[in-house]
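Going by the numbering used here, the sequence shown opens with residue 2, and the numbers climb by one from there.
Even for Gly, the Cβ is constructed at its ideal location relative to N, Cα and C.
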Amino acid sequence: MTGITDHLGEIRGRIAQATARAAVRGGQARPVTLVGVSKGHPAAAVREALAAGLGHFGENYLQEALPKIAAAGRDAVWHFLGRIQSNKTREIALGFSWAQTVTSARIAERLSAQRPHHGDPLQVCIQLEPVAPGPPGGPEGAPAGSPRAGCPRREVAALAALIAGLPRIQLRGLMLLPRAGLDAEVLRMEYRAARGLLDELNASGHALDTLSMGMSDDFEMAIEEGSTMIRIGTALFGART
Ligand SMILES: *Cc1c(COP(=O)(O)O)cnc(C)c1O
2 MTGITDHLGE IRGRIAQATA RAAVRGGQAR PVTLVGVSKG HPAAAVREAL AAGLGHFGEN
62 YLQEALPKIA AAGRDAVWHF LGRIQSNKTR EIALGFSWAQ TVTSARIAER LSAQRPHHGD
122 PLQVCIQLEP VAPGPPGGPE GAPAGSPRAG CPRREVAALA ALIAGLPRIQ LRGLMLLPRA
182 GLDAEVLRME YRAARGLLDE LNASGHALDT LSMGMSDDFE MAIEEGSTMI RIGTALFGAR
242 T
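What follows is the structure in structure tokens.
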């Protein structure tokens with residue numbers, strides 16, 4: 002036994018408590034979708050979580066994800082969570098239901114053009130560039146030439162408007178991956194700012210229902226700050242190898 006079923010039950014309990022706290026603070030309770038991040042874990046782990054009732058799974062690397070989706074995937078909803086290189090958009094548009102890491106018009110246009118015409122449009126989030134800098138001595142940024150780590154705030158409204166006009170992708174909201182090693186209060190402000198940006202987009206005419214933020218170590222705080230989708234790897238599946 003790997004304990005995935007037990008972990009899922011515990012996490013669901015903690016989500017319910019955090020959702021109740023969020024409702025006390027901020028008005029209406031929002032449903033929270035749990036995405037199990039299965040990178041670094043085998044298809045058997047996905048099958049166990051599926052059998053325990055989890056429906057959404059996330060992966061960061063295509064090479065790892067595609068065989069796993071083929072082996073375990075039929076009934077699951079798959080979210081792409083890694084950086085999107087433009088030469089990988091076709092496989093993402095074909096193999097996934099969601100891409101949470103759209104950061105540019107070029108990637109959005111390619112995903113829409115390459116999404117098959119039968120079936121649902123690809124569900125997407127704009128990944129926000131994190132604002133808070135990591136602590137000194139923390140991990141370096143991405144090497145030059147790799148896809149950017151997020152859409153800068155000043156470009157989000159224009160990118161959202163562009164995506165809204167594309168036929169084969171549907172904008173659902175925003176995704177945030179904060180830099181590692183932040184103090185809890187800095188992290189909370191980062192999450193709060195993302196919520197504010199989603200609210201601004203909706204006030205300007207969008208109807209976005211998704212704010213994807215919160216991972217194993219901080220999902221309760223993220224829910225308190227308005228997350229509607231959390232991405233949990235370690236707390237569900239155990240440490241990655
Ligand atoms: C790996 C990863 C997660 C899960 O992280 P845990 O700390 O293991 O829960 C969530 N989101 C993204 C984008 C990831 O890359």
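- Not one heavy atom of ligand 1 lies closer than 7 Å to the C-beta of Ile108.
- As summarised for the stretch 144-181, the continuous alpha helix (DSSP H) elements at least 4 residues long and confined to that stretch are 154-165, given in chain order.
- Relative to the Cα of Arg111, the nearest Cα in the group Gly135, His119, Gln86 belongs to Gln86.
- Just measuring C-alpha positions, the residue of Ala53, Cys152, Asp210 sitting nearest Leu129 is Cys152.
- Following the DSSP letters along the chain, one finds Arg111 inside the alpha helix (DSSP H) bounded by residues 106-115.
- Cβ-Cβ distances below 6 Å link Glu92 to Leu63 in the same chain, with the five nearest sequence neighbours on each side left out; the list follows chain order.
- Beta-bridge partners assigned by DSSP to Arg232: Val36.
- Val132 carries a coil assignment under DSSP once its states are collapsed to helix, strand and coil.
- Phe81: member of the beta strand (DSSP E) spanning 78-81, first to last residue.
- For Thr242, the three-state secondary structure derived from DSSP is coil.
- Contact check for Val36 and His8: beta-carbon distance about 14 Å, past the 8 Å limit, so the pair fails to qualify.
- Bridge partners of Gln101 according to DSSP: none are assigned.
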